[in-house]
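Worksheet for the structure shown next.
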Amino acid sequence: MADITLRVNGSEKKVSVSPETPLLWVLRDTLELTGTKFGCGAGLCGACTVHIDGNPIRSCSTPVSQVAGKSVTTIEGLGANGLSVLGQALQQAWIAEEVPQCGYCQTGQIMSAAALLAKTPQPTDEQITQAMNGNLCRCGTYERIRKAVHRAAGNVSGNGGAR
Amino acid sequence: MSPLSRREFVAAGVAAGAGLVIGFYLPHGNSSGKETFSPNAYLRITPDNKVTIVVARSEMGQGVRTALPMILAEELEADWKLIEIEQAGASTLFGDQTTGGSASIRTTWDPMRKAGASAREMLISAAALTWNVPRSSCTAENSHIKHAASGRSLSYGELASKAATLPIPTDLPFKQSKDYKIVGQRLARLDSPAKVKGEAIFGIDFRIRGMKFALLSRCPTIGGKVSGFDDKESKKISGVSYVGKIGDSAVAVVADSVWSAMEGRRVLNVTWDEGPNKDLNTAAVVVSLKQAASKKGASLYSAGDAAKASGKKISAEYALPFMAHAPMEPGNCTAFYQGTKCELWAPTQVPQDCRDSVATAVGLDPDQVKVNVTLMGGGFGRRLEHDYAVEAALVSKAINAPVKVIWTREDDMRFSTYRPASLHQLSASVDGSGFPVALTHRIIAPSISGQKGQPTPGGVDPDLPDEAGPVYGLPNYSIEYVLAETPVPLGWMRSVYALQAGFALESFIDELAVAAGKDPLQYRLKLLAKDQDLQYFTTTWHTARMRGVLQLAGEKAGWDKPLPAGRFRGVACFGCFASYMAEVVEISTENDTPRVRRVVAVVDCGQVINPSILEQQIQGGIVYGLGNALRAKITIEKGRVVQGNFDDYAPLRMDETPTVEVYAVPSSEVPTGIGEPSVPPIAPALCNAIYAATKKRIRALPILNS
Numbered sequence: 105m106a107d108i109t110l111r112v113n114g115s116e117k118k119v120s121v122s123p124e125t126p127l128l129w130v131l132r133d134t135l136e137l138t139g140t141k142f143g144c145g146a147g148l149c150g151a152c153t154v155h156i157d158g159n160p161i162r163s164c165s166t167p168v169s170q171v172a173g174k175s176v177t178t179i180e181g182l183g184a185n186g187l188s189v190l191g192q193a194l195q196q197a198w199i200a201e202e203v204p205q206c207g208y209c210q211t212g213q214i215m216s217a218a219a220l221l222a223k224t225p226q227p228t229d230e231q232i233t234q235a236m237n238g239n240l241c242r243c244g245t246y247e248r249i250r251k252a253v254h255r256a257a258g259n260v261s262g263n264g265g266a267r
Numbered sequence: 046m047s048p049l050s051r052r053e054f055v056a057a058g059v060a061a062g063a064g065l066v067i068g069f070y071l072p073h074g075n076s077s078g079k080e081t082f083s084p085n086a087y088l089r090i091t092p093d094n095k096v097t098i099v100v101a102r103s104e105m106g107q108g109v110r111t112a113l114p115m116i117l118a119e120e121l122e123a124d125w126k127l128i129e130i131e132q133a134g135a136s137t138l139f140g141d142q143t144t145g146g147s148a149s150i151r152t153t154w155d156p157m158r159k160a161g162a163s164a165r166e167m168l169i170s171a172a173a174l175t176w177n178v179p180r181s182s183c184t185a186e187n188s189h190i191k192h193a194a195s196g197r198s199l200s201y202g203e204l205a206s207k208a209a210t211l212p213i214p215t216d217l218p219f220k221q222s223k224d225y226k227i228v229g230q231r232l233a234r235l236d237s238p239a240k241v242k243g244e245a246i247f248g249i250d251f252r253i254r255g256m257k258f259a260l261l262s263r264c265p266t267i268g269g270k271v272s273g274f275d276d277k278e279s280k281k282i283s284g285v286s287y288v289g290k291i292g293d294s295a296v297a298v299v300a301d302s303v304w305s306a307m308e309g310r311r312v313l314n315v316t317w318d319e320g321p322n323k324d325l326n327t328a329a330v331v332v333s334l335k336q337a338a339s340k341k342g343a344s345l346y347s348a349g350d351a352a353k354a355s356g357k358k359i360s361a362e363y364a365l366p367f368m369a370h371a372p373m374e375p376g377n378c379t380a381f382y383q384g385t386k387c388e389l390w391a392p393t394q395v396p397q398d399c400r401d402s403v404a405t406a407v408g409l410d411p412d413q414v415k416v417n418v419t420l421m422g423g424g425f426g427r428r429l430e431h432d433y434a435v436e437a438a439l440v441s442k443a444i445n446a447p448v449k450v451i452w453t454r455e456d457d458m459r460f461s462t463y464r465p466a467s468l469h470q471l472s473a474s475v476d477g478s479g480f481p482v483a484l485t486h487r488i489i490a491p492s493i494s495g496q497k498g499q500p501t502p503g504g505v506d507p508d509l510p511d512e513a514g515p516v517y518g519l520p521n522y523s524i525e526y527v528l529a530e531t532p533v534p535l536g537w538m539r540s541v542y543a544l545q546a547g548f549a550l551e552s553f554i555d556e557l558a559v560a561a562g563k564d565p566l567q568y569r570l571k572l573l574a575k576d577q578d579l580q581y582f583t584t585t586w587h588t589a590r591m592r593g594v595l596q597l598a599g600e601k602a603g604w605d606k607p608l609p610a611g612r613f614r615g616v617a618c619f620g621c622f623a624s625y626m627a628e629v630v631e632i633s634t635e636n637d638t639p640r641v642r643r644v645v646a647v648v649d650c651g652q653v654i655n656p657s658i659l660e661q662q663i664q665g666g667i668v669y670g671l672g673n674a675l676r677a678k679i680t681i682e683k684g685r686v687v688q689g690n691f692d693d694y695a696p697l698r699m700d701e702t703p704t705v706e707v708y709a710v711p712s713s714e715v716p717t718g719i720g721e722p723s724v725p726p727i728a729p730a731l732c733n734a735i736y737a738a739t740k741k742r743i744r745a746l747p748i749l750n751s
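As given, the protein sequences belong to chains V and A, one line each in that order. FYI, in this note's numbering the residues of the first sequence are 105 to 267. FYI, in this note's numbering the residues of the second sequence are 46 to 751.
Structural data, given as structure tokens:
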């Protein structure tokens, strides 16, 4: 067991867990932020995607000790902190395009999309595929995800989205 | 009721158009409280004018929490903005609550319409009495009853207490589809906002105070058992509080957190009695199917005499592997056993089966078990089982505390119930123009229900009547089923036997078209040219409706227009769960690997409830079906499932996903299934396109492993 401090969605959190615990389980079990999902435990599906200092990572295979002192953003914080404009644009686009079916993977999808748009505000189809390919969806919502990313990009920049 | 009899019940109800007999109970008459108007179990109207609609099916992504309320709200003339949804748990009020067989809409269409229409009529009566005017001068609109002559209006909330005193009408006028304001609209799903904010509570997210977490170590060989275990190392893991045997074939590790339970399980030392299947492998399963093929089958469908037909004979054999559902949310269930009662929070398609099997497992009566239904991160049939619920209840009983059992992805992959492997023997006698005068399809597959110890009347798996019907009205046509045996655990996976039956039939029809030198679309249209009603068990299939979807698919795909260089097309059609589906696939090939570029999908599923949800289901079914077609394959070595995660069982990703264009034939017929019918045609349409591109015929799935 170790005391580890991390910044989650803008607030400082001290947790007492074994240092190899994956960040995913610290978020879900210790901090009760259950919007980040467990899908594969092996970095293969992207359901557990969160941002560390703005970069998307798979929290299921990231030991919490590696993120000590760093800034973690989860889906719960996406619409609320520094990325609020982008986060809300994505969440609204996801609703407008009626993306979610079961919805289980969608929080991870949105976190990957947020990381993409933060760096590439007007992504091409190819850039979207590249950024989103690590996120699985068994309901098969990929086509609508692509539309929603374009829509969010357009809403943020006000130009209707690049195609 | 057993799961099987439930499915049969659903099938029978659907076939008889008897949604009326399913799920419509008036349990508390019309007296559920002074102020609340609740004329039936599906509906409550409170004085604040809120309408609460109870959804008695499980939401696994298919949109029932929006689509089913739309049906009731339509007849009620409710203001959609004032609707609130309540998820029913296992209940005795709604008949069979199984969510499967693409049946939620078709079995609740009538009950939901009745529930809405009866309330509407009672509210009209309440207003007429209040104003002392004839009923016929009052109209229902937007959650109000209006009296046009005097300009008066009362909200449903204001009328609730009076309506609650009135008798429930029996003779109900239903709205005409041309007057629909809610049904048929692209209304936004009610569950989306919570899902995109991470606020939706799936089974795995549910928390209860004092709850522990458990993982189970299950015997890796099929049918094996625990012979002993050493928990010394597990108990050294911080947070692990209990290790104990659960049932015959698993050991549970209970801890304060999921991670501690995972670590505790990792170091747990179990010795297994590997049981009778320790040498089983996939090759032996294939051999056993081939051996079973020599047996006489049960007749599923018979027209004329296919055996006696003359003409040139063409035959082919097709094979499909075991597949796993692999929903995104791994199996889990939360249970709290407290001596004389047990409560579950289950992501389940079968709340009533969970209740009944948990009651048996922990020694309670079914009415002592309360099952709450959570959101599901996908189901696809995996959650038609109730193993996760029984495990959770047994662990809770063992530790005398609330517990959540969680499966890992590897657990989900290796301890699933699999789509049955199958073998298909097709033969045809063709006339001088190459059209079949006779066709025989022999389906050799183990029975899912049979393996679960449920009846297979006449040697027929009870799912086949919804999933393996005739497409074409041929004069001599025989569909037979040979019930094979396998120890590999079997389950109902999205579209169930329709995937196998559709792949084999529609690949074979393509082979016949090629042999005849005819265009595969025109060939099918010719076979469907005559209007015929084909009776298959209790369903009547209309060749005209199949022809309709096929024709429209051809038009929308531009079948008559030449393709760009390097592009190729394939087509297939199939009917299941009472819906008609045709799909045209357009591919290119890169290094001998097919790349699906575009799919045109046309469905005839009667009245469409919500076109956006319909598109979701069809697009999703096609992506799911493409994953099945290209790569899905579960293999067995030494009695163990080989695949474990999304690397060796790899679903489709965004880069492989084509554009899917969805069209529904306009219809006011009774709605039919939509969750599954898009799955079966995609594999044969793709394989037929691959043939067009390469002249290589794929007769075994998956495509990329053949």
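Beta carbons are placed, not taken as given, at the ideal position from N, Cα and C, and that holds for glycine.
With DSSP run on the structure shown, which of helix, strand or coil describes histidine 587 of chain A? strand
What does glycine 273 of chain A pair with, by DSSP beta-bridge criteria? A/Thr316
What residues from the stretch 191-219 of chain V come within 7 Å of chain A, judged by C-beta to C-beta, listed N to C? Gln195, Trp198, Ile199, Glu202, Pro204, Gln205, Cys206, Gly207, Tyr208, Cys209, Gln210, Thr211, Ile214
Can a CB atom of chain A be found closer than 7 Å to the CB of valine 260 of chain V? no
Please report whether the beta-carbon of arginine 162 of chain V lies at a distance below 7 Å from any beta-carbon of chain A. no
Where phenylalanine 367 of chain A and glycine 670 of chain A are concerned, what is the direct C-alpha to C-alpha distance, given to the nearest angstrom? 14 Å
Arginine 698 of chain A classed as buried or exposed, judged by whether at least 16 other C-beta atoms fall within 10 angstroms: buried
May I ask which residues mark the beginning and end of the alpha helix (DSSP H) holding glutamine 213 of chain V? 210-223
I'd like to know if asparagine 159 of chain V contacts chain C, where contact means its C-beta is closer than 7 Å to some C-beta of that chain. The chain inventory of the structure shown lacks chain C, comprising the protein chains V and A.
Per the DSSP calculation, glutamine 580 of chain A is bridged to which residue(s)? A/Thr585
Tyrosine 517 of chain A to proline 481 of chain A, Cα distance in whole Å? 10 Å
Rounding to the nearest angstrom, what Cα-Cα distance links isoleucine 227 of chain A and proline 716 of chain A in this structure? 15 Å
Leucine 261 of chain A versus alanine 297 of chain A: straight-line alpha-carbon distance, rounded: 4 Å
Got a sec: is the Cβ-Cβ distance from cysteine 149 of chain V to anything in chain A below 7 Å? yes
Per DSSP, what are the beta-bridge partners of proline 126 of chain V in this structure? V/Pro167
Within chain A, the residues that proline 126 of chain V reaches when beta carbons sit closer than 7 Å: Trp304
Keeping to the same chain, check which residues put their C-beta closer than 7 Å to that of alanine 446 of chain A; ignore five residues upstream and five downstream. Gly255, Lys257
Tell me, please, whether the stretch 91-101 of chain A touches the stretch 129-149 of chain A by the rule of three or more beta-carbon pairs shorter than 8 Å. yes
Nearest-angstrom Cα distance between histidine 73 of chain A and asparagine 85 of chain A? Its pLDDT being 41, under 50, histidine 73 of chain A is placed unreliably in this model, and the value from its coordinates should be taken loosely. Cα-Cα distance, rounded: 7 Å.
Hey, could you find the ends of the alpha helix (DSSP H) asparagine 636 of chain A is sitting in? Where asparagine 636 of chain A is concerned, there is no enclosing alpha helix (DSSP H), given that its DSSP letter is neither H nor E.
Compute the distance between the beta-carbons of alanine 151 of chain V and glycine 244 of chain V, then report whether it is under 7 Å. no
Which residues bound the alpha helix (DSSP H) around cysteine 399 of chain A? 396-407
Going by the CB atoms, is the gap between threonine 702 of chain A and tyrosine 246 of chain V shorter than 7 Å? yes
Which first and last residues belong to the beta strand (DSSP E) in which cysteine 206 of chain V is found? Note, cysteine 206 of chain V: premise wrong, no beta strand (DSSP E); not H, not E.
Using a C-beta to C-beta distance shorter than 8 Å, which residues of chain A count as neighbours of alanine 146 of chain V? Arg454, Asn690, Phe691, Asp692
Measure how close the beta-carbons of alanine 162 of chain A and glutamate 80 of chain A come, nearest whole angstrom, since I'm counting them as under 8 Å. Actually they are not in contact, since the Cβ atoms of alanine 162 of chain A and glutamate 80 of chain A sit about 23 Å apart, beyond 8 Å.
Determine the direct distance from the alpha carbon of glutamine 192 of chain V to that of glycine 426 of chain A, and round the result to whole angstroms. 34 Å
Taking 8 Å as the cut-off, does the stretch 143-160 of chain V touch the stretch 315-335 of chain A (at least 3 CB pairs, one atom from each stretch)? no
Arginine 242 of chain V at chain A interface by Cβ criterion, 7 Å: yes
By the criterion of Cβ-Cβ separation under 7 Å, what are the contact partners of lysine 240 of chain A in chain V? Pro204, Gly207, Gln210
Run down chain A in chain order and give the residues with a C-beta less than 9 Å from the C-beta of aspartate 107 of chain V. The premise fails here: aspartate 107 of chain V is roughly 14 Å from chain A at the closest Cβ pair, so nothing lies under 9 Å.
Valine 260 of chain V versus lysine 141 of chain V: straight-line alpha-carbon distance, rounded: 27 Å
Span separating the alpha-carbon of isoleucine 156 of chain V from that of glutamate 116 of chain V: 14 Å
At a CB-CB cut-off below 7 Å, which residues of chain A make contact with asparagine 237 of chain V? Arg698, Met699, Asp700
Start and end of the beta strand (DSSP E) containing arginine 162 of chain V? 159-162
Roughly how many whole angstroms lie between the Cα atoms of tryptophan 125 of chain A and asparagine 177 of chain A? 29 Å
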